[in-house]
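If you read the sequence shown in this note's numbering, its first letter stands for residue 834, the second for the next number, and so on. Glycine included, C-beta positions come from ideal geometry on N, C-alpha and C. Note that the structure is a prediction, hence the values are computed from the model and not measured. All remarks here apply to the structure that follows.
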Amino acid sequence: EGAQLECMDVGEGEGEDQPVAHHWILPSSDFHGLWESLVYDCSVKENLLSYMEATMLFSDCGVDTNIISWNRLVLLYGPPGTGKTSLCKALAHKLAIRMGHRYSHGQLVEINSHSLFSKYFSESGKLVVKMFDKIRELIEDNNSLVCVLIDEVESLTRARESSMSGSEPSDLIRAVNSVLTQIDQIRKYPNVMILTTSNITEAIDAAFLDRADMKQYIGLPSYHAIFIIYMSCLKELIRVNIIVSSPEMDLLTFGRLSLEQGEEETGSVQRLLAVSRLSVGLSGRTLRKIPFLAHALFVKSRTVSLDVFIAAMESAVIRQKQETK
């Protein structure tokens, strides 16, 4: 089942509701394969999933939070395009599957933090309360695991800082404080996880950072991770017969293994490694566009050989880097 839009009246006088959240029932086909597609250089995914499972375990065992404290709040931060939001969605999906013995289903609510603040600031506090009232209704179903995702959470804390400096109406600071209060209230439930992302950590104040159990940096991928991402893209294009399958593809599979073992590379593997090194500095979001751009701009036929396509990818990477200078 796909996402449902949660809309609310933002008080702008036009009688139209503003979408403030997306809502999924988990597991969802929208996230099938998402976990596997996310490639990182260290055990980021596994560590975050272990954290979430430990949170559920401590809750189910009735650990006294006055003795051992945890807040059910994760912050992923780093440059744009590195997969922070996708990782949050994949984590929620994976956790819902892992906890299938405990909960009949999971739910993911992705809050649009920008929409929580009406241009009529006096309405924003009401909107925040209404949004979290809906979330609380979901959480009160003990058979449901609820993950709340707040993307670009820095927009909340930045608003609070500008309000404190006197550059924004006092109604806005009340609305922002209302968000933090609501977060504090819902994280007391045993069946909820709060996942947040930020592109600008400098804009997040200490009070919010202190709430986070885990603060995980998600950076740009290394050439090793880029190689694995590109290899998955090439395998997909071979699957759909855009790249003509050849024994060279087996070399790419071997290439991943020998790359991890530090062995010398030759042929297609070496060429793909060269493109991977050239691609360092590009975000994961951009990397997964490179094969499409390579075919669209540099391949002149419907199907193509592996070597020709890798050369086209190199041209696409060079073009992409020139565009971003």
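Residue j beta carbon less than 8 Å from that of residue i
| i | j | result |
| --- | --- | --- |
| Ile1062 | Leu1105 | no |
| Trp1179 | Ala925 | Any answer about residue 1179 is impossible in this case: the structure gives the chain only from 834 up to 1158. |
| Asp984 | Glu1035 | no |
| Leu859 | Ala1045 | no |
| His855 | Ala836 | yes |
| Ile1037 | Val1137 | no |
| Ser1148 | Phe1131 | yes |
| Ile1059 | Val1113 | yes |
| Leu1053 | Pro912 | yes |
| Leu941 | Leu989 | no |
Residue of the options minimising C-alpha distance to residue i
| i | options | result |
| --- | --- | --- |
| Lys959 | Val1012, Asn976, Val1113 and Gln1018 | Val1012 |
| Gln1049 | Tyr910, Leu890, Ile930 and Lys927 | Tyr910 |
| Ala1039 | Asn899, Leu971, Leu908 and Leu1126 | Leu908 |
| Thr1030 | Gln1153, Leu928, Ser876 and Gly914 | Gly914 |
| Ile1019 | Val979, Ser1138 and Ile901 | Val979 |
| Phe1041 | Ser1148, Leu1053 and Asn1010 | Asn1010 |
| Leu920 | Val853, Ala1127, His1057 and Tyr873 | Tyr873 |
| Phe891 | Lys1133, Lys1021, Tyr1056 and Val1141 | Lys1021 |
| Asn945 | Asp863, Pro1054, Phe965 and Asn899 | Phe965 |
| Gly916 | Arg1118, Val1141, Lys1154 and His1128 | Arg1118 |
| Asn904 | Met1047, Ala1107 and Trp857 | Met1047 |
| Glu1156 | Leu1115, Ser876 and Asn976 | Leu1115 |
| Ala1107 | Tyr1056, Ile1033 and Val1025 | Tyr1056 |
| Met1026 | Ile1123, Leu928 and Leu989 | Leu928 |
| Leu1120 | Met1064, Val1141 and Ile1071 | Met1064 |
| Lys1154 | Thr918, Leu1126 and Lys1133 | Leu1126 |
Residue i classed as buried or exposed, judged by whether at least 16 other C-beta atoms fall within 10 angstroms
| i | result |
| --- | --- |
| Arg1135 | exposed |
| Ala1008 | buried |
| Glu987 | buried |
| His947 | exposed |
| Ser1101 | buried |
| His934 | exposed |
| Pro852 | exposed |
| Ala887 | exposed |
| Phe900 | The displayed chain sequence assigns Ile, not Phe, to residue 900. So Ile900 ends up on the exposed side. |
Inter-residue Cα distance where the pair is residue i and residue j
| i | j | result |
| --- | --- | --- |
| Pro1023 | Ile968 | 14 Å |
| Asp962 | Gln1015 | It is worth fixing the name first, because residue 962 is Val in this sequence and not Asp. Roughly 7 Å separates the two Cα atoms. |
| Tyr884 | Leu838 | 29 Å |
| Cys894 | Ser870 | 33 Å |
| Met1146 | Asp974 | 49 Å |
| Leu881 | Ile1051 | 12 Å |
| His796 | Ile930 | As displayed, the chain neither begins before 834 nor continues past 1158, which places residue 796 out of reach and without an answer. |
| Glu1096 | Gln1103 | A caution first: Glu1096 carries a pLDDT of 49, below 50, which makes its placement in the model unreliable, though a value can still be read off. If I take the Cα positions, the gap works out to 11 Å. |
Span of the beta strand (DSSP E), counted from its first residue to its last, around residue i
| i | result |
| --- | --- |
| Ser977 | Ser977 to Ile983 |
| Gly939 | His938 to Ile944 |
| Tyr910 | Leu906 to Tyr910 |
| Thr1157 | Where Thr1157 is concerned, there is no enclosing beta strand (DSSP E), given that its DSSP letter is neither H nor E. |
| Leu1053 | First-last for Leu1053: undefined, no H or E at that position. |
Boundaries (first-last residue) of the alpha helix (DSSP H) holding residue i
| i | result |
| --- | --- |
| Met1047 | Taken as a continuous stretch (DSSP letters only), Met1047 belongs to no alpha helix (DSSP H), being part of the beta strand (DSSP E) at Met1047 to Tyr1050. |
| Ser1065 | Tyr1056 to Arg1072 |
| Thr888 | Val877 to Asp893 |
| Ser1109 | Gly1100 to Leu1111 |
Cβ of residue i within 8 Å of any chain C Cβ
| i | result |
| --- | --- |
| Arg1020 | The chain inventory of the structure shown lacks chain C, comprising one protein chain alone. |
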